[in-house]
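Just below is one structure, and these are the notes that go with it.
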Amino acid sequence: MAHPLPDNRRLPASTPMYYKHHIFFCLNQRSNGENCCAQHDAQQAFDHCKAQVKAKGLAGPGQVRVNKAGCLDRCAGGPVAVVYPEGVWYSYVDRQDIDEIVESHLRDGKVVERLLTPPHLGR
Ligand code: FES
Numbered sequence: 005m006a007h008p009l010p011d012n013r014r015l016p017a018s019t020p021m022y023y024k025h026h027i028f029f030c031l032n033q034r035s036n037g038e039n040c041c042a043q044h045d046a047q048q049a050f051d052h053c054k055a056q057v058k059a060k061g062l063a064g065p066g067q068v069r070v071n072k073a074g075c076l077d078r079c080a081g082g083p084v085a086v087v088y089p090e091g092v093w094y095s096y097v098d099r100q101d102i103d104e105i106v107e108s109h110l111r112d113g114k115v116v117e118r119l120l121t122p123p124h125l126g127r
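Shown next, in the form of structure tokens:
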């Protein structure tokens, strides 16, 4: 018999999170010439983020995981990355932006306000 979800569908407060922060980078490439995150060096940003998280000893269970994603449907704000469980969206430009996300948000838990994706930007 399946266990029912709680009414609010949230996990019990005592459930440990496997990752403290889980960041997904859109790496989507469009072949039709339409705007996409891959046109804005998303792969290099992803690689840099992964390397920095590892170098700073932040990678692994209970800490940080950096993952690739397909289109996150916020292309107009691209290149984008999103951090869960907070659901904080970032629009970055260069390696310095990635460094700031790693050090401020992923390491210290402080959102980088200047890099937040404007809330109205979707596809
Ligand atoms: S192509 Fe990156 S969010 Fe759509």
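First residue of the sequence shown: 5, per the working numbering; consecutive thereafter. Quick reminder that beta carbons are idealized off the backbone N, C-alpha and C, glycines included. All of these numbers come straight from a predicted model, not from anything done at the bench.
Is it buried or exposed for alanine 85, if we count other Cβ within 10 angstroms and need 16 for buried? Translated into the one-based positions of the sequence shown, residue 85 becomes position 81. When all chains shown are included, alanine 85 counts as buried.
Inset, instruction - Under 8 angstroms by Cβ, that's how I've got threonine 121 and glycine 81 pegged, so tell me the actual separation to the nearest angstrom. - result: Start at 1 with the first residue of the sequence shown, and residue 121 comes out as number 117. Start at 1 with the first residue of the sequence shown, and residue 81 comes out as number 77. At roughly 4 angstroms, the Cβ-Cβ gap stays under 8 angstroms, so threonine 121 and glycine 81 are in contact.
Go through the residues and name those whose CB comes closer than 6 angstroms to any heavy atom of the ligand FES, in chain order.
-> Cys30, Asn32, Cys40, Cys41, Cys75, Leu76, Asp77, Arg78, Cys79, Gly82, Val84
Next item on the list: Count the CB pairs spanning the region 25-34 and the region 42-53 that are closer than 8 angstroms, and state whether there are at least three.
Entry: yes
Report task. Can you tell me which of Arg78, Ser108, Glu117, Arg118 puts its alpha carbon nearest to the alpha carbon of cysteine 53? Result -> Here residue 53 is taken as the residue at index 49 of the sequence shown, counted from 1. Residue Ser108 is the option with its Cα nearest to cysteine 53.
Q. Among residues of its own chain, excluding the 5 on either side of aspartate 101, which ones have a beta-carbon nearer than 7 angstroms to its beta-carbon?
A. Indexing the sequence shown from 1 puts residue 101 at position 97. Same-chain partners within the cutoff: Leu119.
Original post:
For the alpha helix (DSSP H) that contains histidine 124, what are its first and last residues?
Top reply: Counting from 1 along the sequence shown, the entry for residue 124 is found at position 120. Neither: histidine 124 is in no alpha helix (DSSP H) and is coded neither H nor E.
- Query: Is alanine 17 helix, strand or coil by DSSP?
  - Reply: Here residue 17 corresponds to residue number 13 of the sequence shown, with the count starting at 1. Alanine 17: coil per DSSP, three-state reduction.
| said: Taking the straight line between their C-alpha atoms, what separation do you get for proline 20 and lysine 114? | reply: Here the question's residue 20 lines up with position 16 in the sequence shown. Here the question's residue 114 lines up with position 110 in the sequence shown. The alpha-carbon atoms of proline 20 and lysine 114 are separated by roughly 21 angstroms.
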